[in-house]
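Going by this note's numbering, the sequence shown opens with residue 17, and the numbers climb by one from there. All C-beta atoms, glycine included, are put in the ideal place defined by N, C-alpha and C. If you're wondering where the values come from, they're calculated on a predicted model, not measured in any experiment. These notes concern the structure reproduced below.
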Amino acid sequence: MVDALIKLRLGVHCGCVLVLVLASSKLSGQEINILYIGNTDVPVYFGARQGLLEANAQGEFMGVVYRLIAITDIGGVSVTPVAIIAAVDAARLEQIIEVYPHVPILNTILKDTKLRENCEDALFHIPPSTAMLEDAERQWRQHAPKSKARANTWHRTFRKYAAAQLNIRFMEQSGFEMDNDAWAGWAAMKLLADTIVRRPDLQGFGLVEELKTNLAFDGQKGMDMSFRETGQLRQPLLLIEQDKIVGEAPVRGVVNSEDLDSLGLAFCAK
17 MVDALIKLRL GVHCGCVLVL VLASSKLSGQ EINILYIGNT DVPVYFGARQ GLLEANAQGE
77 FMGVVYRLIA ITDIGGVSVT PVAIIAAVDA ARLEQIIEVY PHVPILNTIL KDTKLRENCE
137 DALFHIPPST AMLEDAERQW RQHAPKSKAR ANTWHRTFRK YAAAQLNIRF MEQSGFEMDN
197 DAWAGWAAMK LLADTIVRRP DLQGFGLVEE LKTNLAFDGQ KGMDMSFRET GQLRQPLLLI
257 EQDKIVGEAP VRGVVNSEDL DSLGLAFCAK
């Protein structure tokens, strides 16, 4: 039934603009333009495409269709985006913030803790910060002192909380396994869609505030995730050693396993 309802149509590639439209030919509802800025041959983009596919499966029944517009140059845009998924370096991210100061911008690849410390009004961070990763590993060392496990966002063998199904869906669509960046792209698109489908009337700072205050995103990790005032997505992390999942953070027995703010910078500097 899903295959009959969902069509994946690659738009015409014109210059540096690639438009992806996933929708039933019968859908005639509201169109939501999401801008993706970054390379399109990287896992984060394929993750965003997967999120788009799933968002439109839901949106079709709600009268909403999402368009993912992929560009490499912000000068090549002719539409006003409702939100932006950014997979760029810090310098280009600053340029995007200057051009789109009132549009929600979701950083999907940069882990620099200082970016979070800046507390930009409309900037959100999907990947864990360096400080979050370090805190997760520090907690794990208290639990298993000899372990050399490293903290990660995702792993291809993660099975709990319907993660196995997400890994399968992504592999079927992209042809390769979901990794940290692919999950970030998927999560960015999916949480945007989950928010917009509830409040399709919101744009600009209205949508920014909705993301800041009303998000409860599962992300196939078993806990509701939300954004901190720093713009960082609260999330549990996986501890990986020798390519195997050995634990999760926050680490039970070391801290409250539901205290996501035990990982990284929780608040903006006052």
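- Selection Gly191, Leu231, Leu51 evaluated against Gln251 yields Leu231 as nearest (Cα-Cα).
- Gly235 and Ala265 have their C-alpha atoms roughly 15 Å apart.
- Glu193 sits in coil when the DSSP states are folded into three classes, being neither helix nor strand.
- Annotation: Ala138 to Glu188 spans about 34 Å, alpha carbon to alpha carbon.
- Per DSSP, the unbroken alpha helix (DSSP H) holding Tyr61 starts and ends at 59-78.
- Looking from the CA of Asp259, the closest CA among Arg157, Leu51, Ile121, Ala165 belongs to Ala165.
- Exclusion of the five residues before and after Ala107 leaves no residue of its chain whose Cβ lies closer than 6 Å to its Cβ.
- Among the bridge pairs identified by DSSP, Met241 is matched with Phe233.
- The beta carbon of Ala179 is closer than 6 Å to those of Gln236 in its chain, skipping five residues each way along the sequence.
- DSSP, read as helix, strand or coil, puts Ala103 in strand.
- Around the C-beta of Pro143, 16 or more other C-beta atoms lie within 10 Å, and the residue is accordingly described as buried.
- Judged by beta-carbon spacing, Ala99 lies beyond the 8 Å limit of Asn123, meaning their Cβ atoms are not closer than that value.
- If you draw a straight line from the Cα of Ser163 to the Cα of Ser242, it is about 30 Å long.
- Between Ala200 and Gly67, the CB-CB gap reaches or exceeds 8 Å.
- In the structure shown, Gly247 falls within a coil segment according to DSSP collapsed to helix, strand and coil.
- Ranking Gln46, Phe186, Glu133 by CA distance to the CA of Ala203 puts Phe186 first.
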